[in-house]
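Enquirer: Encoded as structure tokens, here's the structure I'll be asking about.
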Amino acid sequence: FVTHISEHNSPYSRGTIHGVLMDALDCLKHLILDGKSVRFSDLGLFSIGMTSRGEVSKEKVTAASVLGVHLIVRNTKSWSNAELKKLTKIVAYDDYTTGAEDGGGTENTPSGGNTNQGAGGETNKDNGGTSQGGGGTSQGTGGGTDSGTDGGGDNVNF
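Counting in the working numbering, the sequence shown tops out at residue 1361, every number present.
This is how it looks when you write it as structure tokens:
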């Protein structure tokens, strides 16, 4: 990611970009763990969320009631699902499976074998998340205090 930024009309070196991103990550982590929500420009609003076991009364709530802690990232207007859909080229699953009977592939593109991947999707109406088959990517958009992004896909380390 750092290399990509430095090679696309940036006057800054990879080292400088890496340093700035690491410092930003440290500050983001510090602020989020302090209970603050952090807007990272047009990328999104970052905050912390917790999942807990329901208790009979507030006096019964303890640290043991907490089942999980997670990062919540809420889209901004420019990164909304509607905007991303406009910018994304959706290709039919069949376009990726041409030659699936023989494993696909050409002389320059080796066969991937016959694998079955889910092509359907389901929507979780509780948190607005969508789980999509085919590409093996899951995305949740978060909402409320105990839901968030359970994102799949590629990890980006910087």
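Beta carbons are placed, not taken as given, at the ideal position from N, Cα and C, and that holds for glycine. The structure displayed is predicted, hence computed values, not measured ones.
Quick one: what does DSSP say V1276 is sitting in, helix, strand or coil?
Expert: Position 73 of the sequence shown holds residue 1276. DSSP places V1276 in strand when its eight states are reduced to three.
Enquirer: Mapping the DSSP letters down to three states, classify G1252 as helix, strand or coil.
Expert: Numbered from 1 along the sequence shown, position 49 holds the residue referred to as residue 1252. Three-state DSSP puts G1252 in a strand.
Enquirer: Just how far apart, CA to CA, sit K1232 and L1274?
Expert: To locate residue 1232, count along the sequence shown from 1; it is residue 29. To locate residue 1274, count along the sequence shown from 1; it is residue 71. Each residue's Cα considered, the two are about 10 angstroms apart.
Enquirer: For V1205, which three-state DSSP category applies?
Expert: As a working mapping, residue 1205 is identified with position 2 in the sequence shown. Note: V1205 maps to helix in three-state DSSP.
Enquirer: Classify G1218 as helix, strand or coil using the three-state DSSP reduction.
Expert: What you label residue 1218 is simply residue 15 of the sequence shown in a count that begins at 1. Residue state, collapsed to three classes: helix.
Enquirer: State the DSSP-derived secondary structure class of L1246, mapped to helix, strand or coil.
Expert: Position 43 of the sequence shown, counted from the first residue, corresponds to residue 1246. Three-state DSSP puts L1246 in coil, outside helix and strand.
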